[in-house]
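Protein chains in written order, with UniProt numbering: chain A, 1 to 459; chain B, 1 to 459; chain C, 1 to 459; chain D, 1 to 459. Using N, Cα and C, we set each Cβ at its ideal position, and we do this for glycine too. The next block holds one structure in the form of structure tokens; read it before the comments.
4 protein chains.
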Amino acid sequence: PKEFEEIASRLAASYTDSSDDETSPRDKQQKNSKGSSDFCIKNIKQADFGRREIEIAEQEMPALMALRKRAQGEKPLAGAKVVGCTHITAQTAVLMETLSALGAQCRWAACNIYSTQNEVAAALAEGGFSVFAWKGESEDDFWWCIDRCVNVEGWQPNMILDDGGDLTHWIYKKYPNMFKKIKGIVEESVTGVHRLYQLSKAGKLCVPAMNVNDSVTKQKFDNLYCCRESILDGLKRTTDVMFGGKQVVVCGYGEVGKGCCAALKAMGSIVYVTEIDPICALQACMDGFRLVKLSEVIRQVDIVITCTGNKNVVVREYLDRMKNGCIVCNMGHSNTEIDVASLRTPELTWERVRSQVDHVIWPDGKRIVLLAEVRHPLILSSVTTLTLLSPQALALIELYNAPEGRYKQDVYLLPKKMDEYVASLHLPTFDAHLTELTEEQAKYLGLNKNGPFKPNYYR
Amino acid sequence: PKEFEEIASRLAASYTDSSDDETSPRDKQQKNSKGSSDFCIKNIKQADFGRREIEIAEQEMPALMALRKRAQGEKPLAGAKVVGCTHITAQTAVLMETLSALGAQCRWAACNIYSTQNEVAAALAEGGFSVFAWKGESEDDFWWCIDRCVNVEGWQPNMILDDGGDLTHWIYKKYPNMFKKIKGIVEESVTGVHRLYQLSKAGKLCVPAMNVNDSVTKQKFDNLYCCRESILDGLKRTTDVMFGGKQVVVCGYGEVGKGCCAALKAMGSIVYVTEIDPICALQACMDGFRLVKLSEVIRQVDIVITCTGNKNVVVREYLDRMKNGCIVCNMGHSNTEIDVASLRTPELTWERVRSQVDHVIWPDGKRIVLLAEVRHPLILSSVTTLTLLSPQALALIELYNAPEGRYKQDVYLLPKKMDEYVASLHLPTFDAHLTELTEEQAKYLGLNKNGPFKPNYYR
Amino acid sequence: PKEFEEIASRLAASYTDSSDDETSPRDKQQKNSKGSSDFCIKNIKQADFGRREIEIAEQEMPALMALRKRAQGEKPLAGAKVVGCTHITAQTAVLMETLSALGAQCRWAACNIYSTQNEVAAALAEGGFSVFAWKGESEDDFWWCIDRCVNVEGWQPNMILDDGGDLTHWIYKKYPNMFKKIKGIVEESVTGVHRLYQLSKAGKLCVPAMNVNDSVTKQKFDNLYCCRESILDGLKRTTDVMFGGKQVVVCGYGEVGKGCCAALKAMGSIVYVTEIDPICALQACMDGFRLVKLSEVIRQVDIVITCTGNKNVVVREYLDRMKNGCIVCNMGHSNTEIDVASLRTPELTWERVRSQVDHVIWPDGKRIVLLAEVRHPLILSSVTTLTLLSPQALALIELYNAPEGRYKQDVYLLPKKMDEYVASLHLPTFDAHLTELTEEQAKYLGLNKNGPFKPNYYR
Amino acid sequence: PKEFEEIASRLAASYTDSSDDETSPRDKQQKNSKGSSDFCIKNIKQADFGRREIEIAEQEMPALMALRKRAQGEKPLAGAKVVGCTHITAQTAVLMETLSALGAQCRWAACNIYSTQNEVAAALAEGGFSVFAWKGESEDDFWWCIDRCVNVEGWQPNMILDDGGDLTHWIYKKYPNMFKKIKGIVEESVTGVHRLYQLSKAGKLCVPAMNVNDSVTKQKFDNLYCCRESILDGLKRTTDVMFGGKQVVVCGYGEVGKGCCAALKAMGSIVYVTEIDPICALQACMDGFRLVKLSEVIRQVDIVITCTGNKNVVVREYLDRMKNGCIVCNMGHSNTEIDVASLRTPELTWERVRSQVDHVIWPDGKRIVLLAEVRHPLILSSVTTLTLLSPQALALIELYNAPEGRYKQDVYLLPKKMDEYVASLHLPTFDAHLTELTEEQAKYLGLNKNGPFKPNYYR
């Protein structure tokens, strides 16, 4: 039946790297129903499916929807020209359409060559957004898409929203003059933030930047709570592994590691942790995880998960010592944690068993299950990023509207009060009832009744 | 590329209800590479994919593999002619091939019209098994397949392995004389076991039957631990819901309910429980769940999960009162718990959003997300059934080899010692080291050093 | 002030083995305010404190209070003469006064030389009960007290309520003729039940016995849930240890072990388990505990807890290998699990640091903290035994009122329906609302609307 | 026997407010075995018991012991004259003796009129420390003791270690000139820190102060992890309540509240949370707790726990609506959270049932169990304060040795690196193995191989 065909095509589109049509999107003539061609995506015909995904996502993103509603009159982003480079998912689409509703114009590229939901990109293009992204871009495609976002006649961005720093880097390298008109950068990832601090330290940061990654909502909700759910989902979908009784080593006990460990412990896994920072190490101990060096447990574990943000945490030597069937995956942001390159040697056989899942086979028949070929194998687009996107929107509003002089050429954290505001937007969805301070209590605590309730250093 | 095409086709095959080919398998000429046509499946060309799935499954099924190895010389099922009716998954395939290795001949049908993994059925057919099953059978197909298993010239079953009692029911109804040669029935499901006890009570059970459902390993490992993992996976794959902070009501606090509750609590859901049995009710209390009547919380919950084995637990009245976006799913065995029929009224619109996921839309726009159209929406074939299948194999061996008179025309539980044996087969996979009793300790406890270690009534 | 003195004396009475008065209770003249002398306790003056403890306990024992209320008219134990031998705590007092309210006469001794709450015994004596028990009895005192309960002119018991089997044993040995009038034995402990099954097997059991230990409510609520709370409390009160990050080995993964492991895991301990039974072993694995042999971890653990019911689980060899400061305690019923006798050698120094806590000091200065000198070091009288006592009362009623022939000279489990009744009596205290089956549902399930809801083999 | 007497006297000393001797310590002639009289405590004869408690505490305080060992040669506090005002417990004694070993002279008073362990004070006095403290001081005694610490001829403090700010307040009020010689204040409590920030804001802070309360180790380890264990212990010891199935409301979801909630949830309680801060509120939601206003649940809960640091959180109106037997306790630092004064009305009867436990009885017989008469009813001295005391020692060393100008008249957080150092001192006790960065990794991350590993804002 017709309905089944559609579902099948949608699924094929979302879950596989293939398609019936092998022509590169760059070589296709593309046009949406209003006649615009200022985009480049996989297949505009998938727009309806994408629209449905976006509508479903809206239901899980109360904060942005509330923001959209409240700011309907004000248009705080009127005049803003935002160039963005993020994962292109249904959730991002909700963000982009919110920015648009707030008055902004947007052009967008993907920050990752694998993570684009083609049908969502189609819905955005159909809706009039200039989107340049598809699942399975080549390295060359990747930069081409970014360039198409910024290098356009008669339009120049005045705000940057970046995830990973690649867009910022490209503008620095190719169009440094653009920064004259740019009011600020909002950056979400650890890596991108790190790059910004380095620019700042080197005196090369020429506009204010907002570090959204270290907002409380991002750290706690996106990293801790989302990873708690997505580690299970990601591993189960790709490998069907059963967690009970399995031995797992988690490298890194930051928020991401904490979320992974909590979830796996709850499912009955036996979890070991490695750490370099004594404070996080002690937290792991107090939370009931044995703190080990990777070499101590590498022979016995069933699963290795990296979330350090570091490089070469799992090197060939460890991969050689793992047992047959061991699953190795990266939950961190960058793809540097597992030394995948070291596995590209002649004596090892690679076998692709599913999308994003490789078996690497040793001469003696030992197989390692590798989930490391993409940057974010497990941060699945479909895991609703509860609060990630709202701080980005608020940071854009703040930077765009800040009076001259409030922000200098430096990297800033999201003001505490905005963090609290983001959180408060989510409470109704949980039917959660906040207590209000009485006048007397506010006075006793020396606080404003409406917050901020904690000092800036509080986490 | 070739590889991607294959993956895409495999994925399309596994995840969708559709296919490029709409011809009914019953109307196709089918033949495997050895020339046999004694099977009926979707597409024999998928055999290679299915074989890989089976090989992966073998790695997670140490008990059957150990059984296969140990019994290689003995062939304890030599001469056994087993007719089976179960979910047809990679795991079942491992069971069937184990039975075959132990000497049995097997003919098999699916116990569920949706759950067949077509590629696994293909691999089995290619391997010489007479399999009659495909994903998306009609009701008529369902009984036709069962009939093809039993109604075959020159072959008559002497053992039945059933899941749900449909196969047993069919033979009772159509070929009652077959029971003269049948040595026993092994039944796995609550429903099937219930039917057998009713037959027994009515004096109509004419062969011994083994109730595998109430084996300790089944109850604890399959129900409790598997459901703990599969509830999260099942909900996440179909709805992408985030669990943290969500209000969930779980109907029924048996092993399945306990597993669901534990998993959801660990993910940060707020869980309510309904129960009819005061003992299970008190357990829910002590485990930290509020015990409520469904009517008390139905307006506020985000997710409703049924696992009672009862009928009409969620009726139209409750569905009318749920809030917008509420997810309703059945984790129990039978599809009777949610009164789905009551939703087939003109004022409600149904919309199929994904395979096995329907939105039911009220006139005021309220949507309910229904995961109830199939019998087992959430017991995903890919969740490895840790120990389910080994007791079935052992029960077959026991019944087939039991001396005359050990078992009468009644329903039996798996002997304790076999349960312990099944468990012991799984320990090596966890690198678990069992302690052995000293002679002195065994004497003190009045036990045999090799078990059984607990009385039969112990759970 | 007066008030403080009272508190101090009460505390001294409850928490220490000492008293201002070293005269043995057996040598004292004792009389309650009504002039009765048919008891032997520490100090009748503590009756008021004891009464308050009993009143507090009543609030936590809704089932017995409900039983007392409901049966007020009926007096189902009218004519019953119950001799009991249990821990003498506030909770037991509530049981005894309930039995009395139901019509029974009671005489009582302690089943443990340390566990008697002297002030409770005083309250009971003051209330007219013939109680023979005090904290710190000698072995000789212990049997003397039991004898005083049964060997009394003009009164002969017709019901036995035992905990551990010592009372039953004494009557078998000294007054076998008494069994002619005895209608039944209710026994609560593993050990006592074991003895009864042995008697039964040997054909020497001459009255029916009810095994309350294996009732569902006992197994689940008393063992699992009570131990979950009491292990933390017991260790903390005696050693002030912090659990987070500590390595603990729990020997035995029955209900007691499961409770201990769950509690310690939740507090952040790293828990290892030893087991002899492959089923329990596999449960430990699936619950996330490494299954080891004691010898593998004995050098590294901070705490060793035994709950096997076995003997010589922790032998001298292991004690020698433990690290400095290791805590060793027995949570099982019998005091045989740790080979304490092996530590009574000249090279080891014993130091009593608190009541029930010894340091054993090796020549090199290593200290082991031993909580093993008493039978139940950690099952603190003050942990409310939620449901233990109600099944005992119901079992007494059942055996006392059973029609001739219902019970033979054998050991019986509590009927399922009674177990369910006990559970239902506790639900109101949790404000828990049980769902009732509709007629249609009951019929579908083949159940009586009022239960029993599960087969007898269900746990 | 002798041994029992000792135990009894020790127990009486630790657990009660009473003693055989009602003479005020201020009226006694006191002298230690070396002839010194420069102290005022309850009973010097308890010194031996106190010494044993201190020795036991040393085993649980590896960081201070390591500090003591490492700094043996250096004497970084040579010349320091520290006046301290903290809880006087075995743990504090270990701190004081460490400061002494590092070269400091110490004079000490108690920061709480109830929390002094008399036997520990005795051991300190016997060891030569000028201690002025006993359990059960009057308000007048309290200030007298503080004054005796600072107002002494020929000795003037140059460092202040305060817990709550009372000592600092006293010196400000009575001896402001002393600040000329004082190098700094180390303050541990929320309240004290709050006062310091107010002084600073008002321009009245005349020396540098170190806010130890907001060190990572304090926040995470002392608040979160210690409270996780002490809430259970504190409630169990005072009320013997069983947690399973109980409904509890926790007011405040800061670190203390998080610890309480985690522990209670793990024990099977049903936990509600109230919050004023939307970020903490959202965390409570994501952790699986219903966020309510107190008024919504006050009628149904069994236990109310306050940990807000606020005042009048539980007012008379709520106390009136609680159900019979409800337990009310304060886990926060200050005793302002429960409006206890409002219960001092004629129609309510107070009954002291145990030390620190009052029953307040309404005219209709309803009883509330109040654990609120002391400032810290539940932060039991015996719960080992894992890391609290080490940061205090390090902060003293830092302030005392800081070069002129490093610290101004302001409030400072402990430098990140010191926090990490404190944590690293504790790792060996957990047999925890820290991973070291390779040169290449340190370079990649832009970190020094030895830390600090996180930015200062990281928590």
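In the DSSP assignment, residue 351(A) falls within the unbroken beta strand (DSSP E) covering 349-354.
With a minimum length of 4 residues, the unbroken runs of alpha helix (DSSP H) contained wholly in the region 248-318 of chain D fall at 255-266, 278-286, 294-297.
Excluding the 5 residues flanking it on each side, residue 126(A) has same chain C-beta neighbours closer than 7 Å at 32, 33, 44, 47, in chain order. Straight-line spacing of the CA atoms in residue 179(B) and residue 357(B) works out to 41 Å.
Bounds of the alpha helix (DSSP H) holding residue 124(D) are 118-126. Straight across, the Cα-Cα distance linking residue 352(B) with residue 238(B) is about 12 Å. Going by DSSP, residue 105(C) is part of no alpha helix (DSSP H) but of the beta strand (DSSP E) stretching over 105-110. Under the DSSP assignment, residue 168(B) falls in the alpha helix (DSSP H) whose first and last residues are 166-174. Within the region 45-76 of chain D, no residue has a Cβ lying closer than 7 Å to any Cβ of chain B. Per DSSP, reduced to three states, the secondary structure at residue 159(B) is strand. With a cut-off of 8 Å on Cβ pairs, the region 82-93 of chain D is in contact with the region 109-121 of chain D, counting three or more such pairs.
For chain C, the residues of the region 267-289 of chain A that bring a beta carbon within less than 7 Å of one of its beta carbons are 268, 269, 270, 285, 286, 287, 288, in chain order.
Annotated three-state conformation of residue 370(B) is strand, per DSSP.
Within chain C, the C-beta atoms nearer than 7 Å to that of residue 265(A) come from 288, in chain order. Residues of chain D with a Cβ closer than 9 Å to the Cβ of residue 244(B) are, in chain order, 285, 286, 287, 288.
Residue environment: residue 108(C) is assigned as buried (16 or more neighbouring CB atoms within 10 Å of its CB, all protein chains considered). In the three-state reduction of the DSSP assignment, residue 130(B) falls in the strand class. Between residue 149(C) and residue 249(C), the beta carbon gap of about 40 Å keeps them out of contact (Cβ cut-off 8 Å).
For residue 50(B), there is no enclosing beta strand (DSSP E); the enclosing alpha helix (DSSP H) covers residues 47-59. Counting only the Cα atoms, residue 324(C) lies some 14 Å from residue 55(D).
In the three-state scheme derived from DSSP, where H, G and I count as helix and E and B as strand, residue 194(D) is classed as helix. Under DSSP, the beta-bridge partners assigned to residue 85(B) are 109(B), 162(B).
Membership of residue 412(B) in the beta strand (DSSP E) is indicated by the continuous run 411-413.
Residues of chain A whose Cβ lies closer than 8 Å to the Cβ of residue 291(D) are, in chain order, 427, 430, 432, 433, 434. Runs of the alpha helix (DSSP H) lying entirely within the region 421-454 of chain A, each at least 4 residues long, are 439-445 in chain order. In the DSSP assignment, residue 358(D) falls outside any alpha helix (DSSP H) and within the unbroken beta strand (DSSP E) covering 357-361. With respect to the 8 Å criterion, residue 252(C) and residue 308(C) are classified as neighbours on the basis of their beta carbons. At a cut-off of 8 Å, the C-beta of residue 321(C) has no neighbouring C-beta in chain D.
Taking all protein chains shown into account, residue 163(A) has 16 or more neighbouring C-beta atoms within 10 Å of its C-beta and is therefore buried. Neighbours of residue 233(A) in chain B, taken as residues whose beta carbon is under 8 Å from its own, are 232, 233, 236, 237 in chain order.
Residue 305(D) is positioned such that its CB atom lies no closer than 8 Å to that of residue 216(A). The C-beta of residue 450(A) comes no closer than 8 Å to any C-beta of chain D. Beta-carbon to beta-carbon, residue 339(C) and residue 316(C) are separated by about 6 Å, close enough to satisfy the 8 Å threshold.
Burial state of residue 35(A) is exposed, judged by a 10 Å Cβ sphere holding fewer than 16 other Cβ atoms.
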